[in-house]
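Residue numbers (our numbering): 860 to 1014. Down below is the structure, laid out as structure tokens.
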């Protein structure tokens, strides 16, 4: 094995182990739901939109980075929760049951990559989608959410 291959292998192993210990074993992010139907009911009751993040928490490097740098941050959850019900739909390799439970939603929303964020109105209708990793900082992500809501209001 060349030195570069060994370093790359070691880095991927380290990231993989860190990711497994960080997420796949059921630690739901604070302020996030894992039940889209309940989130839609709550959104209707509170007149909010729904932010659904489709993630591969234990195998997708951009997903892991977004969780660490944005979605788990108190300032993100506090600000985003004012206008959105937050939902994380996970597709981990380390939890086959959870992956199978969420698979019909990935098919329903035609998810083609991770991490995908789908924004739904209180009526359940999608009004935009994007790859979360386009906005790797909390302030950029929140700015994009506000712009998406403004655009929705204008439509």
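Positions of the beta carbon are idealized from the N, C-alpha and C atoms, including for glycine. Predicted, not measured: the structure shown is a model, and the values here were computed from it.
- Message: So, at 8 Å on beta carbons, what are the nonlocal neighbours of residue 948 in its own chain, with the 5 sequence-adjacent residues on each side left out?
- Response: The residue labelled residue 948 in the question sits at position 89 within the chain shown. Excluding sequence neighbours, residue 948 sits near 893, 895, 911, 912, 913, 914, 961, 964, 965.
- Message: Suppose the cutoff is 8 Å on Cβ atoms and the five residues either side in sequence are ignored; what does the same chain contact list for residue 1003 look like?
- Response: Along the chain shown, one-based indexing puts residue 1003 at 144. Excluding residues within five positions, the ones whose Cβ falls inside 8 Å are 989, 993, 994.
- Task: Go to residue 893, then tell me how far its beta strand (DSSP E) extends in each direction, as first and last residue.
- Result: In the chain shown, the residue the question calls residue 893 occupies position 34. Neither: residue 893 is in no beta strand (DSSP E) and is coded neither H nor E.
- Among 887, 956, 1010, the one whose alpha carbon lies nearest that of residue 978: By one-based count along the chain shown, residue 978 stands at place 119. Per the Cα distances, 1010.
- Query: What does residue 909 pair with, by DSSP beta-bridge criteria?
  - Reply: The sequence position of residue 909 within the chain shown is 50, counting from 1. In DSSP, residue 909 forms a bridge with 944, 979.
- Query: Between which two residues does the beta strand (DSSP E) harbouring residue 990 extend?
  - Reply: Indexing the chain shown from 1 puts residue 990 at position 131. Taken as a continuous stretch (DSSP letters only), the beta strand (DSSP E) holding residue 990 covers 985 to 990.
- Message: residue 904 and residue 1001 - do their beta-carbons sit closer together than 9 Å?
- Response: Here residue 1001 is taken as the residue at index 142 of the chain shown, counted from 1. Here residue 904 is taken as the residue at index 45 of the chain shown, counted from 1. No, they are not a contact pair.
- Task: Just tell me which of 957, 987, 996 has its CA closest to the CA of residue 975.
- Result: Along the chain shown, read from residue 1 onward, the residue named residue 975 stands at position 116. The shortest C-alpha separation from residue 975 is found at 987.
- Item | Boundaries of the alpha helix (DSSP H) in which residue 971 is found, first to last residue | Translated into positions along the chain shown, residue 971 becomes position 112. Neither: residue 971 is in no alpha helix (DSSP H) and is coded neither H nor E.
- For residue 945, is the classification buried or exposed, using 16 other Cβ atoms within 10 angstroms of its Cβ as the cut-off for buried? Your numbering for residue 945 matches position 86 in the chain shown. The residue is buried, with at least 16 neighbouring Cβ atoms inside 10 Å.
- Look at residue 1013 and residue 942 and say whether their C-beta atoms are less than 9 Å apart. Start at 1 with the first residue of the chain shown, and residue 1013 comes out as number 154. Start at 1 with the first residue of the chain shown, and residue 942 comes out as number 83. Judged by beta-carbon spacing, residue 942 lies beyond the 9 Å limit of residue 1013, meaning their Cβ atoms are not closer than that value.
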